[in-house]
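Asks: For the first sequence, the positions run 1 to 105 when this note's numbering is used.
For every residue, glycine included, the Cβ atom is placed at its ideal position computed from N, Cα and C.
Remember, predicted model here, so these are calculated numbers, not experimental data.
Once you've had a glance at the structure underneath, I'll fire off some questions.
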Amino acid sequence: MTESTYDRIYKTVHQIPEGKVATYGQIAELTNLAGKARLVGYALYRIDPQTSDVPWHRVVNAKGEISQSPFRNGGDYLQRSLLEQEGVQFSPQGKINLRADRWQP
DNA sequence: TGCTTGACTTTAC
DNA sequence: AGTAAAGCCAAGC
């Protein structure tokens with residue numbers, strides 16, 4: 001079977017340990033897609049969190065903020081809740097301290 | 001078959 | 001510090 005580009009991305013995201021977060025650029029790099037961070041974001045946009053066991057909530061942008069899609073409409077709150085339950089600490093501005101909670105394989 | 005959009009990143013001013 | 005532009009690939013119409 002042929003591993004699609006997204007399949008590799010899902011696998012990489014699924015490798016993120018609990019209580020850690022990764023940036024799109026990092027996921028792209030680990031997936032052999034360095035420089036194509038948009039593909040990672042787009043991949044997570046197309047999947048269904050209900051049918052997929054991909055911890056999409058552990059993926060944030062380079063600023064440590066939670067990216068949201070117009071379709072999710074407020075899903076950032078859910079994502080933040082999930083991360084907080086895993087032990088991820090948020091800054092007063094609602095940002096994540098990437099230097100501390102960033103996934104380092 | 002071709003153009004537009006989209007959960008991004010990085011560099012530069 | 002915040003704003004602007006370029007680069008990349010895939011799916012949708």
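From 87, 61 and 77, pick the residue whose C-alpha is nearest to that of residue 25; which is it?
Replies: 61
Asks: Compute the distance between the beta-carbons of residue 49 and residue 16, then report whether it is under 8 Å.
Replies: no
Asks: I need the straight-line Cα distance from residue 45 to residue 66, nearest angstrom please.
Replies: 13 Å
Asks: Run through the DSSP bridge pairs and tell me what residue 96 is partnered with.
Replies: Residue pairing by DSSP puts residue 96 in a beta bridge opposite 90.
Asks: Among 76, 12 and 84, whose alpha-carbon lies nearest the alpha-carbon of residue 39?
Replies: 12
Asks: Give every residue of the same chain whose Cβ lies closer than 7 Å to the Cβ of residue 57, excluding the five residues on either side of it in the sequence, and list them in chain order.
Replies: 79, 82 and 83
Asks: DSSP three-state call for residue 60: helix, strand or coil?
Replies: Residue state, collapsed to three classes: strand.
Asks: Tell me the DSSP secondary structure of residue 23 in three-state form.
Replies: strand
Asks: Kindly indicate which residue of 90, 36 and 41 has the alpha-carbon position closest to the one of residue 69.
Replies: Minimum Cα distance to residue 69 is reached at 41.
Asks: Just mark residue 10 as buried or exposed, buried being the case when its beta carbon has 16 or more other beta carbons within 10 Å.
Replies: buried
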